[in-house]
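A quick write-up on the structure given underneath.
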Amino acid sequence: MRPADFHIEGTKSEAIEVARNRLLVPIFLFVLGFSALVVRLVSIGLFEDISDQVIHAYSAKVEIVRERVDILDRNGIVMATNLPAPSLAVRPRLITDVQETADGIMAVLPGLNRAQVVNKLKSSRHFLYIRRNLSPIQVWKINALGYPGLVLEQAEKRVYPQGRLASHVLGYVDVDNKPQAGVEKFFNDHLSNPMRSDDPLYLSLDLRVQYIVRQELKAAMDKFSARAAAGIVMDVRTGEILSMISLPDFDGNNSIYPDTPEMKNRNILEPYEMGSGFKTFTVAMALDSGMVRLTDKFDATRPLKVGRRTIHDDHAKKRFLTVPEVYTFSSNIGASLIIQQVGIDYQKAYLERFGMFDRPVIELAGRSRPILPRHWGAIQSMTVSYGHGIAVTPLHLVVGIAAVVNGGRLIPATLIRQDKTDKNKLYGLPRSFVDDDYPQVISAETSRIMRHLMRLAVDYGSGGNARVDGYRVGGKTGTAEKVINGRYSRDNKITSFVGVFPMDNPKYVIFAMLDEPHGTEDTFYKATGGWIAAPVVGRIISRIGPMLGVVPMTDVKTKYQNLLLVNAKSN
Amino acid sequence: MIRIVAGFFILMVMISAGTVYSLKETTERLEARKMQLSALILKDRAAIRVLRAEMAYLSQPERLQKLSRRFLALAPLRSYQMADNMNGIAGRGDFKRLSYPVDEFPLLLPREKPAFRKIIRKKIKVRRAGFYERISLKLGDGE
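Line by line, the protein sequences give chains A and B.
Numbering-wise, the working numbering puts 28 at position 28 of the first sequence, and it's gapless, one number per residue.
Numbering-wise, the working numbering puts 701 at position 130 of the second sequence, and it's gapless, one number per residue.
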């Protein structure tokens, strides 16, 4: 008899029917569950790459001890790595003779406090750490003691072989290898992923450049007894930061004391009034908006009275100045008159396009907002035109200057080596490799003019000390009085210089800033950007230029010299 | 007939069992070897990591600069020592073409060496002497 012939009718048949229908639900759920498993299995097998390290560790049945991925500089030199550094711990219950064990430990680790060690050995707890980060020789000696109560626990220590050199960019990790600052914190997802242990993080920093910038800044800081210093070298075409230095700095290998001055990355954390460096933006926006022509003249014969304030020139020429003269001789009056012609709305719109209203863009934590005037009236507009009343971070200025000289595109700064051939190397960050994707803030023509003006400022203006044989350096000095107790102080100044080279085809922006320098005999006791920061940038360029393969050229004629009225003697 | 077939199959079973056993043996041995190798690879990688860290530590720019000042007669590259074409080379403005070699690059020779070379060579001589003196003093064969 075949099952199909089997017929049940009535209530029983209905019950079976219901049971069958109900059975469909679990069947459906099971099918769903298993198909999800199949999909996951296929995706793991096909699409997820497992690192070599994991495969070996798996087949060697060893636990991967490596906790963090290496950080390298752009040439592949190790800047941060993990090294084995076992911790010494104790299981007090397995200790038989406390005094003898304590003697043994003290012989190996003389730096410990004996009373504390004895306390730990007597403790009623299961497990206590005595000392972290032992060196190999100490490990060997502890093992040689042979006490069963002493445990050596495998651990890794984050090591920064370059010491202080890039401390503010790299950041640091705490005793549990948890990142606390810098790139370590920003890229923690990548760095703490054991699957990526074969895929080190390539930074855009160049250690050699980093060293040179640090050395020159340190020398200037000591010479002029400045409180602090900061410096940046940035590639104007890619936004790569080749060097970022903030002094004083710290050593990530030693113990860290947060909230000390050493921990501050002044390049992104502290907004400063930049002074005359801002005139670059004022002139650029004036020329770009078409409201001011290069040959226009502005009356700088006498200090400018606006409301209750008077605007003075530091290097007063007491005559009518053309736009190149306003920029070259750094005339506050001229800049104020220019911005009067441009108008507040244009000024705000342009500054916003230059990124001066937002936090600076870079792969670091702790970026600070610029400090803008609360009320943006006629007076504020004028002070902003020469860099007072607005405080931005050095990175703001560098990115803005890069946009002024590179053809007018605002390219955000980055700490990751840009490799156009390998687009996967972005460590999960969205970034465009197409130049057109970056906003055009000023026209290419204005950018070309600005390059000549910046060159003039070094040739004839206050930035003369930044001149370098063989390279055409352009740039602008900045000297700003610091606000102390709500008033501008004559003695405490921020001096800076933002330089660009080579000027006919800009490659790098170099920024140097010294906080509260004091003039020396060499500088005729002057503490201005031209005397203090400009020579630093000049020396940096003369050293990194050949290193970065920038070909020197015999002099290229700078345009618009005819618009400048200068003493024959001053050249 | 059945006996032959059965005997054949029994033989086959024994042979295949033997093969499977030996295969398993080999695989286990290979597995053990692989584990050993993997452990070695991990160990070596750890050692390489330590060495690379040490290399980075020893090649700190500051340390290298001190060492090179002390032991090498080398100076940092200056801008005038670089050129992207023949005309850009300082002091080599005029040169004559000697011949046309088979490849298309004409051989260019300077008429005379730039003056600054002599100066540099002098400096090198003085500093080299100092270096060897130091070494010979160290080795004790100075006297």
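Ideal Cβ placement from N, Cα and C applies to all residues, glycine included.
Taking only the alpha-carbon atoms, compute the straight-line gap between residue i and residue j and give it to the nearest angstrom.
| i | j | result |
| --- | --- | --- |
| GLU262 of chain A | THR295 of chain A | 47 Å |
| ASN113 of chain A | ARG93 of chain A | 21 Å |
| SER330 of chain A | GLU521 of chain A | 24 Å |
| ASN253 of chain A | LEU629 of chain B | 16 Å |
| MET234 of chain A | SER243 of chain A | 7 Å |
| SER197 of chain A | GLU273 of chain A | 43 Å |
| LEU88 of chain A | LYS614 of chain B | 22 Å |
| PHE676 of chain B | ARG409 of chain A | Caution is warranted here: a pLDDT of 49 is assigned to PHE676 of chain B, below 50, making its placement in the model unreliable, and the coordinate value is therefore given only provisionally. Approximately 40 Å, taken between the alpha carbons. |
| ALA588 of chain B | ILE612 of chain B | 35 Å |
| ASN592 of chain A | ASP299 of chain A | The first residue shown for chain A is 1 and the last is 571, placing residue 592 of chain A beyond what the model contains. |
| ARG643 of chain B | VAL139 of chain A | In the sequence under discussion, the amino acid at residue 643 of chain B is Leu, which differs from the Arg named in the question. Their Cα atoms are separated by approximately 39 Å. |
| ILE574 of chain A | ILE311 of chain A | Lying outside 1 to 571, the shown extent of chain A, residue 574 of chain A is not represented and no answer is given. |
| LEU37 of chain A | GLU14 of chain A | 35 Å |
| ARG309 of chain A | ILE344 of chain A | 18 Å |
| HIS56 of chain A | ILE619 of chain B | 16 Å |
| GLN99 of chain A | ALA155 of chain A | 27 Å |
| ALA220 of chain A | GLN652 of chain B | 27 Å |
| ASP674 of chain B | SER542 of chain A | For ASP674 of chain B, the predicted model reports a pLDDT of 48, less than 50, meaning its position is unreliable; a value from the coordinates is still stated below. When rounded, the distance between both Cα atoms is 37 Å. |
| ALA413 of chain A | GLU363 of chain A | 8 Å |
| ASN21 of chain A | ARG40 of chain A | 29 Å |
| PRO303 of chain A | ILE241 of chain A | 40 Å |
| SER593 of chain B | PRO84 of chain A | 41 Å |
| MET382 of chain A | LEU217 of chain A | 32 Å |
| GLY163 of chain A | VAL90 of chain A | 32 Å |
| TYR560 of chain A | PHE281 of chain A | 18 Å |
| GLN574 of chain A | GLY334 of chain A | Because residue 574 of chain A is not part of the residues shown, which for chain A are 1 to 571, the question remains open. |
| PHE30 of chain A | GLY171 of chain A | 50 Å |
| LEU23 of chain A | GLY33 of chain A | 16 Å |
Counting only C-beta atoms, is residue i closer than 9 Å to chain B at any point?
| i | result |
| --- | --- |
| ARG91 of chain A | no |
| ILE241 of chain A | no |
| ARG208 of chain A | yes |
| MET79 of chain A | yes |
| ASN562 of chain A | no |
| GLY171 of chain A | no |
| TYR471 of chain A | yes |
| ASN82 of chain A | yes |
| GLY182 of chain A | no |
| GLN215 of chain A | yes |
| VAL468 of chain A | yes |
| VAL118 of chain A | no |
| PRO148 of chain A | no |
| GLY549 of chain A | yes |
| GLY545 of chain A | yes |
| HIS56 of chain A | yes |
Does any CB atom of chain A fall closer than 9 Å to the CB of residue i?
| i | result |
| --- | --- |
| ALA646 of chain B | no |
| THR590 of chain B | no |
| GLU633 of chain B | yes |
| ARG600 of chain B | no |
| SER650 of chain B | yes |
| ILE612 of chain B | yes |
| ARG640 of chain B | no |
| VAL621 of chain B | yes |
| ALA577 of chain B | no |
| ALA626 of chain B | Checking the displayed sequence, the identity of residue 626 of chain B turns out to be Met instead of Ala. By this cut-off, MET626 of chain B is an interface position. |
| SER609 of chain B | yes |
| ARG616 of chain B | yes |
| MET653 of chain B | yes |
Hey, would you say the C-beta of residue i is under 8 Å away from at least one heavy atom of the ligand HEM?
| i | result |
| --- | --- |
| PHE511 of chain A | The ligand content of the structure shown is nil, which means the ligand HEM is not present either. |
Report the CB separation of residue i from residue j in whole angstroms; it is logged as a contact under 8 Å.
| i | j | result |
| --- | --- | --- |
| HIS396 of chain A | GLY355 of chain A | 6 Å |
| VAL537 of chain A | ALA512 of chain A | 5 Å |
| ALA367 of chain A | PRO360 of chain A | Here the sequence assigns Arg to residue 367 of chain A, which means Ala is not the residue at that position. Yes, they are in contact, since the Cβ atoms of ARG367 of chain A and PRO360 of chain A sit about 5 Å apart, within 8 Å. |
| VAL405 of chain A | VAL500 of chain A | 5 Å |
| TYR202 of chain A | ILE416 of chain A | 7 Å |
| TYR438 of chain A | ILE411 of chain A | 5 Å |
| GLY470 of chain A | SER650 of chain B | 3 Å |
| GLY275 of chain A | GLY530 of chain A | Going by Cβ atoms, the distance from GLY275 of chain A to GLY530 of chain A rounds to 11 Å, so no, they are not a contact pair. |
| GLU633 of chain B | TYR211 of chain A | 7 Å |
| PRO552 of chain A | ILE532 of chain A | Not confirmed; about 26 Å, so no contact. |
Inset, instruction - Assess, as a yes-or-no matter, whether the region 482-492 of chain A is touched by the region 315-322 of chain A under the definition of 3 or more beta carbon pairs within less than 8 Å. - result: no
Inset, instruction - Could I get the ranges of all uninterrupted beta strand (DSSP E) runs contained in the region 489-527 of chain A, with 3 residues as the minimum, in chain order? - result: 508-515
Inset, instruction - Any chance you could list the alpha helix (DSSP H) runs of at least 4 consecutive residues sitting entirely within the region 265-302 of chain A, in chain order? - result: 279-289
Legend entry - Continuous alpha helix (DSSP H) assignments of at least 4 residues falling wholly in the region 168-204 of chain A: 182-186, 188-191
Legend entry - Uninterrupted alpha helix (DSSP H) stretches inside the region 327-388 of chain A (no shorter than 4 residues): 332-342, 344-353, 378-385
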